[in-house]
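**Q**
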Amino acid sequence: MGPVAMVRILDTTLREGEQCPGVCFPPHIKHAVAARLDALGVDIIEAGHPAVTPHIAAAVGDLAGAGLRATVGAHARSLPRDVDQALDCGVGFIGVFYCVAEERLRLHTTTLGSAIKRVQRVIRRIKERSPQTVVRYTPEDTVRSSFANVVTTALAAVAAGADVISIADTTGHLVPGTSRNMYNYVLRLRDALRQGGHNPQLAVHCHNDRGLALANALDAIRAGADIIDCSVLGLGELAGIVDLATLLAVLAADFGHDPYDLTVLPELYALVSAHAGVPVPVHQPVTGANAFRHCAGVHTQAALANPLHYQSLDPQLVGRRPNICLDHMSGLSALRHALADAGHEIDEPALLDSILATVKSTGQAGRTVAAAELGYIVHYCRARQTVPATRECESC
38 MGPVAMVRIL
48 DTTLREGEQC
58 PGVCFPPHIK
68 HAVAARLDAL
78 GVDIIEAGHP
88 AVTPHIAAAV
98 GDLAGAGLRA
108 TVGAHARSLP
118 RDVDQALDCG
128 VGFIGVFYCV
138 AEERLRLHTT
148 TLGSAIKRVQ
158 RVIRRIKERS
168 PQTVVRYTPE
178 DTVRSSFANV
188 VTTALAAVAA
198 GADVISIADT
208 TGHLVPGTSR
218 NMYNYVLRLR
228 DALRQGGHNP
238 QLAVHCHNDR
248 GLALANALDA
258 IRAGADIIDC
268 SVLGLGELAG
278 IVDLATLLAV
288 LAADFGHDPY
298 DLTVLPELYA
308 LVSAHAGVPV
318 PVHQPVTGAN
328 AFRHCAGVHT
338 QAALANPLHY
348 QSLDPQLVGR
358 RPNICLDHMS
368 GLSALRHALA
378 DAGHEIDEPA
388 LLDSILATVK
398 STGQAGRTVA
408 AAELGYIVHY
418 CRARQTVPAT
428 RECESC
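This note's numbering puts the first residue of the sequence shown at 38, with every later residue one more than the last.
1) What are the start and end residues of the alpha helix (DSSP H) that includes residue 122?
2) Taking DSSP as the reference, what is the three-state secondary structure of residue 113?
3) Tell me the DSSP secondary structure of residue 406 in three-state form.
4) My output table needs one value for residue 190: the three-state DSSP class, helix, strand or coil.
5) Looking at the unbroken beta strand (DSSP E) that takes in residue 291, where does it start and where does it end?
6) Name the residue from 220, 137, 325 whose alpha carbon lies nearest to the alpha carbon of residue 187.
7) Check whether the Cβ atoms of residue 419 and residue 388 lie closer than 8 angstroms to each other.
8) If we require 3 or more residues per run, which beta strand (DSSP E) segments fall completely within the region 140-223?
9) Rounding to the nearest angstrom, what Cα-Cα distance links residue 147 and residue 59 in this structure?
10) Any idea what DSSP makes of residue 253, helix, strand or coil?
11) Quick check on DSSP: helix, strand or coil for residue 363?
12) Is the distance from the Cβ of residue 84 to the Cβ of residue 96 below 8 angstroms?
13) Nearest-angstrom Cα distance between residue 203 and residue 325?
14) Does residue 82 come out as helix, strand or coil in the three-state DSSP assignment?
15) Starting from the C-beta of residue 369, find all residues in its chain whose C-beta is less than 7 angstroms away, skip the five residues before and the five after it, and write them out in chain order.
16) Any contact of the region 254-269 with the region 188-199, i.e. 3+ C-beta pairs under 8 angstroms?
17) Less than 6 angstroms between C-beta atoms, sequence neighbours within five positions excluded: which residues of the same chain meet that for residue 49?
18) Which whole runs of the beta strand (DSSP E) in the region 228-252 are 3 residues long or more, in chain order?
19) Can you grab the Cα-Cα spacing for the pair residue 258 / residue 287, in whole Å?
20) How would you label residue 67, buried or exposed, when you count the other beta carbons within 10 angstroms and need 16 or more for buried?
21) Name the one or two DSSP bridge partners that residue 490 has.
22) Starting from the Cα of residue 297, find the closest Cα among 415, 404, 355 and give me that residue.
23) Using 8 angstroms as the threshold, is the C-beta distance between residue 127 and residue 110 below it?
24) With H, G and I counted as helix, E and B as strand and the rest as coil, what does DSSP make of residue 129?
25) Looking at C-alpha atoms only, which residue of 190, 248, 411, 253 is the closest neighbour of residue 233?
26) Measure the alpha-carbon distance for residue 115 versus residue 155 and round it to whole angstroms.
27) Taking only the alpha-carbon atoms, compute the straight-line gap between residue 124 and residue 251 and give it to the nearest angstrom.
28) Could you check what DSSP says for residue 383 in three-state terms: helix, strand or coil?
29) Any contact between the region 213-230 and the region 166-178? By contact I mean 3 or more CB pairs, one from each, below 8 angstroms.
30) Could you spell out the range, first to last residue, of the alpha helix (DSSP H) harbouring residue 326?
31) In this structure, does DSSP put residue 90 in helix, strand or coil?
32) Would you decide whether residue 316 is buried or exposed? Buried here means 16 or more other CB atoms lie within 10 Å of its CB.
33) Quick one: is residue 144 buried, meaning 16 or more other Cβ sit within 10 Å of its Cβ, or exposed?
34) Using a Cβ-Cβ cutoff of less than 8 angstroms, which residues in the same chain neighbour residue 314 once the five nearest sequence positions on both sides are dropped?
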């Protein structure tokens, strides 16, 4: 795949991530997360929705004044008081949203024309108070809304001063390779906007309800989207959104887009996981404990000769290293490697066989053998070799 031109990353861990039930970061942790996102090099940090609570408003204002390289952004409904609170925080990016699906318009007893006036009013309000602030308009639930309504409202939003139009797959509705795919949607919307005389940046916000958020984001990138929303661990409403680490690793390894310092990821994920109360799944790509951990005998033997036999990503890219796991699947190659790593030099075949048998037996209990326990096993097996066999009682 060829290089990706100018795609930018918006991290919304501190906004969308707090919509995950039970997740609420205290101010000092928000600072720590934002600092690591900034060290990683994300382009925009969406810090929260100031109108939700005074706590969030204060945190957004603090981060906006923290001197971060990244642009700090805020979320707002299409209400004057919401955008005023966001502006008062001193952010450089404000995302406003309003759904223009026919059913939602009926629910709110309004018309498309009234919705457009409302969106334009708040965008103009932002630009009048702070012309340099980047404004994103999101027709919420974009991909299930009338395309005509989306285009009409988006053109009106850009005419009022919006810099970015976001395509929100709010319910994870799109499926690559079908008639409802993100690749075609991005191309179709960009073409419609250009025909209307405007060429704003396009962002995408993909939810993971069908497990396809990453695939849909990659479809958007191939179609030329300018901004991709993600979060640490994919935290967000329902099944969450695009996972930040997985997307960045794919961009670097497969699209040649690597302006980010991915070695920050392990520390960032440990921090967010600890304070969100959400464990990093062991099988999570890139950041999970097993992402670069080889277990089966055939795998470990080949991986020790050349890790790329069973890895398509270089763990060093993301601040990790390959790891050989000892359990019931292990063979002699894995055992020799682990012994050498732990400082045990053992050449006796019988002792190696005894140690391996004990490792396999321990693994059958459903756990792995760490370096410390391997030392105990070595001591145990060596001691058994030096004890004479007990002669059976003649009366038995």
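Idealized CB from N, CA, C, for every residue including glycine.
**A** Result, derived from the coordinates:
1) Here the alpha helix (DSSP H) through residue 122 covers 117-125.
2) If DSSP states are grouped into helix, strand and coil, residue 113 belongs with the strands.
3) It is coil, neither helix nor strand.
4) Residue 190 falls in the helix class under three-state DSSP.
5) Under the DSSP assignment, residue 291 falls outside any beta strand (DSSP E), being part of the alpha helix (DSSP H) whose first and last residues are 281-291.
6) Measuring from the Cα of residue 187, the nearest candidate turns out to be 137.
7) In this structure, residue 419 places its C-beta atom within 8 angstroms of the C-beta atom of residue 388.
8) As far as the region 140-223 is concerned, its whole beta strand (DSSP E) runs of at least 3 residues are 171-175, 201-206.
9) Going by the C-alpha atoms only, they are around 34 angstroms apart.
10) Taken through DSSP and simplified to helix, strand or coil, residue 253 comes out as helix.
11) Note: residue 363 maps to coil in three-state DSSP.
12) Yes, these two residues count as a Cβ contact at 8 angstroms.
13) The alpha-carbon atoms of residue 203 and residue 325 are separated by roughly 30 angstroms.
14) Shown here, residue 82 sits in a strand according to DSSP, grouped into three states.
15) Once the five neighbours on either side are set aside, the close Cβ partners of residue 369 are 389, 393.
16) No contact exists between the region 254-269 and the region 188-199.
17) Only 83, 266, 268 meet the Cβ criterion.
18) Here the runs fully enclosed are 238-243.
19) Approximately 11 angstroms between the Cα atoms of the pair.
20) Here residue 67 is buried, its C-beta having at least 16 other C-beta atoms within 10 Å.
21) What the structure shows of the chain is the stretch from 38 to 433, and residue 490 is not part of that stretch, so it cannot be assessed.
22) It is 355 whose Cα lies nearest to the Cα of residue 297.
23) No, these two residues do not count as a Cβ contact at 8 angstroms.
24) Coil.
25) That would be 190, whose Cα lies nearest to the Cα of residue 233.
26) Each residue's Cα considered, the two are about 7 angstroms apart.
27) Distance between the alpha carbons of residue 124 and residue 251 is about 32 angstroms.
28) Residue state, collapsed to three classes: coil.
29) In the pairwise beta carbon analysis, the region 213-230 is classified as not touching the region 166-178: fewer than three pairs are separated by under 8 angstroms.
30) Where residue 326 is concerned, there is no enclosing alpha helix (DSSP H), given that its DSSP letter is neither H nor E.
31) In the displayed model, residue 90 falls within coil according to three-state DSSP, outside both helix and strand.
32) By the 10 Å Cβ count, residue 316 comes out exposed.
33) Around the CB of residue 144, fewer than 16 other CB atoms lie within 10 Å, so the residue is classed as exposed.
34) So the list reads 59, 60, once near-sequence residues are dropped.
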